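Undergrad:
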Amino acid sequence: MVGKLLGEGAYARVHVCKLKSSNELYAVKVMEKRFIVKEGKVNFVNMEKKVLSLVDHALIAKLYFSFHDSRYLYLVIDLCKGGELQRLIRFRADEHRKRSGIVNRACSLKETKFYITETVAAVQHLHTMGFIHRDLKPDNLLITESGHVKLTDFGTVKDERGLQASQPTSQQQQQQQQQQSQQQKQQQDQQHPGKAPSRGAAAGTRRGTFCGTAEYVSPEVLSDQDPSVAADLWALGCMIFQMLIGRPPFRGGSEYFTFQLIMGHGKELEFPKVEYAPTDADAADAPGHLQPGDDSSGDQEAIDDTLALREARALVNALLRPDPLQRLGAGQNCTPFCPLYNADSPNGPLALRSHAFFAGVEWDNLADQPAPPLPYATDIPAPTFDGASDDWMMAGDITELEMAAALEMTQASPVLESPLAVASASTPSSSAATSLLSPPGELGIVNDSPVGMVSPGSGMPLDPNLLNSTSSGGRTVVGELSQFLKPNERIVLDGLVVKRKSLFHTNTRHLILTDLPRFLYVDPVKVILKGEIAIEKSVFIQVKNSKTFDIVTPKRTFHMTDLMSQAKRWQAAFDQVHSGV
Numbered sequence: 001m002v003g004k005l006l007g008e009g010a011y012a013r014v015h016v017c018k019l020k021s022s023n024e025l026y027a028v029k030v031m032e033k034r035f036i037v038k039e040g041k042v043n044f045v046n047m048e049k050k051v052l053s054l055v056d057h058a059l060i061a062k063l064y065f066s067f068h069d070s071r072y073l074y075l076v077i078d079l080c081k082g083g084e085l086q087r088l089i090r091f092r093a094d095e096h097r098k099r100s101g102i103v104n105r106a107c108s109l110k111e112t113k114f115y116i117t118e119t120v121a122a123v124q125h126l127h128t129m130g131f132i133h134r135d136l137k138p139d140n141l142l143i144t145e146s147g148h149v150k151l152t153d154f155g156t157v158k159d160e161r162g163l164q165a166s167q168p169t170s171q172q173q174q175q176q177q178q179q180q181s182q183q184q185k186q187q188q189d190q191q192h193p194g195k196a197p198s199r200g201a202a203a204g205t206r207r208g209t210f211c212g213t214a215e216y217v218s219p220e221v222l223s224d225q226d227p228s229v230a231a232d233l234w235a236l237g238c239m240i241f242q243m244l245i246g247r248p249p250f251r252g253g254s255e256y257f258t259f260q261l262i263m264g265h266g267k268e269l270e271f272p273k274v275e276y277a278p279t280d281a282d283a284a285d286a287p288g289h290l291q292p293g294d295d296s297s298g299d300q301e302a303i304d305d306t307l308a309l310r311e312a313r314a315l316v317n318a319l320l321r322p323d324p325l326q327r328l329g330a331g332q333n334c335t336p337f338c339p340l341y342n343a344d345s346p347n348g349p350l351a352l353r354s355h356a357f358f359a360g361v362e363w364d365n366l367a368d369q370p371a372p373p374l375p376y377a378t379d380i381p382a383p384t385f386d387g388a389s390d391d392w393m394m395a396g397d398i399t400e401l402e403m404a405a406a407l408e409m410t411q412a413s414p415v416l417e418s419p420l421a422v423a424s425a426s427t428p429s430s431s432a433a434t435s436l437l438s439p440p441g442e443l444g445i446v447n448d449s450p451v452g453m454v455s456p457g458s459g460m461p462l463d464p465n466l467l468n469s470t471s472s473g474g475r476t477v478v479g480e481l482s483q484f485l486k487p488n489e490r491i492v493l494d495g496l497v498v499k500r501k502s503l504f505h506t507n508t509r510h511l512i513l514t515d516l517p518r519f520l521y522v523d524p525v526k527v528i529l530k531g532e533i534a535i536e537k538s539v540f541i542q543v544k545n546s547k548t549f550d551i552v553t554p555k556r557t558f559h560m561t562d563l564m565s566q567a568k569r570w571q572a573a574f575d576q577v578h579s580g581v
């Protein structure tokens, strides 16, 4: 059985699922073969399966089953009802804002210590297996129903298990690369004082794109050095800062400026003082809910300068050292499979675990120790779709990327390049569609528009003269659509939708409902009729939510997403024309 869509990434969707034979719940990661090949993701998928298959650790996601059919690959892994660690950080940050007006604090020190401890254990185990994660961030740490961490997302992992003596980057080579990077930066500053270097200059002469996320990527990776153990430790330092303060330590207005902050980092980071929202007149006297177990308001200086917070700050700075070999726990900056590895290094994994921040931690059997209670519900609806059916693959809305692509397509659409489209494109909620309704009162939808035409999302009638206005391309709205109509056939409602064909295949279409009645769907860029849906007595519309609706016929279900988030308008218009069938 398959249920709720839990998440959707670049090349995979994750659903909750239930094994029929045992009723146990899991998460199933679904990837389409053709999409993987087309997008060049084969190596990512193979690496993910390899790591999941080889690594067995209580704090790392486990692969239970893997299988495939003619179109899809399926990986069945742990279900983590607590969601991503990022969710907890956002929840705590919002909680501080609402309760006391504090805008730059998130998780308590107790929570931070617990989850970072488990993250360290998971990452260090991964390193002992010869794997470097390369994309460590709160989004890739899931929380189980019992409150423990599961490290996940191994598509970008670097495998060092096959390293030969001639392959690893030596300490001397790493130092030379760092010196070259510093020289490049100094030359850039001398040539263009006061001007930020380009991304290429910041990253050195890049041979390719790095793996990871901009806010957590280490300076040596931006300098085109091979990522290794220290790259994960840098990301760990960023995470500690983010859990406590509510944002990563390096965040610019764009990816470019974020890179400049990372490359320019040299001094030790200071945790910012508690800040209050300026709109809250009483915020200055509000208690600071920062430290675990500290329910007294106290003094702001005392809140910021506790011993535990100083230890956290010291750990962050020990992990965010520009030189990867100097980061706490880095050792020789390689896994045990590298010939340079020294198990007795004074700066090895044990040095990290021995830091004062982790005082009192019992590193054995972390997953069996009690976890902090999650502050939000972790209930997930039971799976309802039969896994043998394709219906579950259409669950959930289209992604933000699909929505953005659809909206971008409208700019190239000759059907929408008229003044009518311009009038409705001034706001994001109406940039993607137009509504053409029948004469007043006929459908019971519009009562005061002389031509039955309503501005999308506003309910206000548009100028009837716009119907005959030509676009910059010299074509009219009516002319573009009327070519698909039969004599005396009228448009009842039309607008842009995203039509989902399969799990990873969506198309933007101009959907037209006519008084014949029937649906037509047109390619909005090429202005080509792509299909027709005859409306018979047995046909009906099922609205899923504000955006999504299905057109259900005896032979097929058409899955649509209205780009104006007004799925009910299709239901209302359909009901009127369907009543006469």
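So in the UniProt record's numbering, spot 189 of the sequence shown is number 189, and the numbers just go up one at a time.
Quick reminder that beta carbons are idealized off the backbone N, C-alpha and C, glycines included.
Predicted, not measured: the structure shown is a model, and the values here were computed from it.
(1) Looking only at DSSP bridge pairs, what is Ser66 linked to?
(2) For Gln332, which residues from the same chain have a beta carbon less than 8 Å from its beta carbon, with the 5 sequence-adjacent residues on both sides left out?
(3) Return the CA-CA distance between Arg310 and Phe271, expressed in angstroms with no decimal places.
(4) For Thr128, does the count of other Cβ atoms within 10 angstroms reach 16, so buried, or fall short, so exposed?
(5) Can you round the beta-carbon distance between Phe574 and Leu529 to whole angstroms, since I take them to be within the 8 Å contact cut?
(6) Below 9 Å between beta carbons: does that hold for Leu143 and Lys150?
(7) Assess, as a yes-or-no matter, whether the segment 41-54 is touched by the segment 78-90 under the definition of 3 or more beta carbon pairs within less than 8 Å.
(8) What would DSSP say about Val498, mapped onto helix, strand or coil?
(9) In angstroms with no decimal places, state the Cα-to-Cα distance between His578 and Asn507.
(10) Report yes if the C-beta distance between Ala308 and Ile240 is below 9 Å; otherwise report no.
(11) Which residue comes first and which comes last in the alpha helix (DSSP H) that contains Glu95?
(12) I need the straight-line Cα distance from Thr156 to Pro336, nearest angstrom please.
(13) Is it buried or exposed for Gln566, if we count other Cβ within 10 angstroms and need 16 for buried?
(14) Is any beta-carbon of chain D found at less than 9 Å from that of Ser146?
(15) Per DSSP, which residues does Val16 bridge with? Please list them.
(16) Examine the Cβ distances between the segment 5-17 and the segment 116-131 and report whether three or more of them are shorter than 8 Å.
(17) Using the beta-carbon count (16 or more within 10 Å), is Gln542 buried or exposed?
(18) Let me know the secondary structure DSSP gives Arg509 once reduced to three states.
(19) Thinking Asn104 and Val221 are a contact (beta carbons under 8 Å), I'd like their distance in whole angstroms, please.
(20) Measure the alpha-carbon distance for Ala27 versus Leu315 and round it to whole angstroms.
(21) Where Val497 and Met1 are concerned, what is the direct C-alpha to C-alpha distance, given to the nearest angstrom?
(22) In chain order, what residues of the same chain have a beta carbon less than 7 Å from the beta carbon of Glu536, not counting five sequence neighbours either side?
(23) Have a look at Leu88, Ala230, Lys98, Ser223 and flag the residue whose alpha-carbon is nearest the alpha-carbon of His133.
(24) Quick test of your reading: Asn347 and Leu328, contact by CB under 8 Å. State the CB separation rounded to the nearest angstrom.
(25) Under 8 Å: do the segment 99-115 and the segment 368-375 share three or more Cβ pairs, one atom per stretch?
(26) Note down the Cα distance separating Leu54 from Gly246, rounded to an integer number of angstroms.
(27) Going straight from the alpha carbon of Phe540 to that of Phe549, what length do you get?
(28) So, with DSSP's three-state summary, where would you put Lys568?
(29) What residue range does the beta strand (DSSP E) around Glu532 cover?
(30) Report the partner residues of Met560 according to the DSSP bridge assignment.
(31) Going by DSSP, what residues sit across from Lys158 in a beta bridge?
(32) Nearest-angstrom Cα distance between Leu109 and Ala359?
(33) With H, G and I counted as helix, E and B as strand and the rest as coil, what does DSSP make of Ser514?
(34) Run through DSSP, which three-state label would Tyr11 get?
TA: Reading off the structure:
(1) Paired residues: Leu75.
(2) Hits under 8 Å: Gln171, Leu325, Cys338, Leu340, Tyr341, Asn342, Ser345.
(3) Between the alpha carbons of Arg310 and Phe271 lies a gap of roughly 9 Å.
(4) Around the beta carbon of Thr128, fewer than 16 other beta carbons sit within 10 angstroms, so the residue counts as exposed.
(5) With 8 Å as the limit, Phe574 and Leu529 do not qualify as a contact, their Cβ atoms being about 20 Å apart.
(6) A small correction: the amino acid at residue 143 is Ile; Leu does not occupy that position in the sequence shown. Contact flag set, yes.
(7) Judged by Cβ distances under 8 Å, the segment 78-90 makes no contact with the segment 41-54, as fewer than three pairs qualify.
(8) The answer is strand: DSSP assigns Val498 an E or B state.
(9) Rounded to the nearest angstrom, the two C-alpha atoms are 26 Å apart.
(10) It is not a contact, given that the beta carbons lie outside the stated cut-off.
(11) Counting along the chain, the alpha helix (DSSP H) containing Glu95 begins and ends at 85-100.
(12) So the alpha carbons of these two residues sit roughly 19 Å apart.
(13) Looking at its Cβ environment, which holds 16 or more other Cβ atoms inside 10 Å, Gln566 is buried.
(14) In the displayed structure, chain D is absent; only one protein chain is listed.
(15) Answer is Ala27, bridged to Val16.
(16) Using a Cβ-Cβ distance cut-off of 8 Å, the segment 5-17 and the segment 116-131 are not in contact, since fewer than three pairs of beta carbons, one from each stretch, lie closer than that value.
(17) Exposed is the call here.
(18) It is a strand residue.
(19) Between Val221 and Asn104 the Cβ distance is about 27 Å, and since that is not below 8 Å, they are no contact.
(20) It is roughly 34 Å from the alpha-carbon of Ala27 to the alpha-carbon of Leu315.
(21) Roughly 29 Å separates the two Cα atoms.
(22) Only Val581 meet the Cβ criterion.
(23) Each of Leu88, Ala230, Lys98, Ser223 was checked against the Cα of His133, and the nearest Cα belongs to Ala230.
(24) Indeed they touch by this definition, with Cβ atoms about 7 Å apart.
(25) By the C-beta criterion, the segment 99-115 is judged to be in contact with the segment 368-375, since at least 3 inter-stretch pairs fall below 8 Å.
(26) In this structure, the CA atom of Leu54 is about 34 Å from the CA atom of Gly246.
(27) Phe540 and Phe549: Cα-Cα distance of roughly 10 Å.
(28) In the three-state scheme derived from DSSP, where H, G and I count as helix and E and B as strand, Lys568 is classed as helix.
(29) Glu532 -> beta strand (DSSP E) spans 528-534.
(30) Paired residue(s): Lys499, Phe549.
(31) Residue pairing by DSSP places Lys158 opposite Ile132 in a beta bridge.
(32) Between the alpha carbons of Leu109 and Ala359 lies a gap of roughly 13 Å.
(33) Reading the sequence as shown, one finds Thr at residue 514 and not Ser. Thr514: strand per DSSP, three-state reduction.
(34) Three-state DSSP puts Tyr11 in coil, outside helix and strand.
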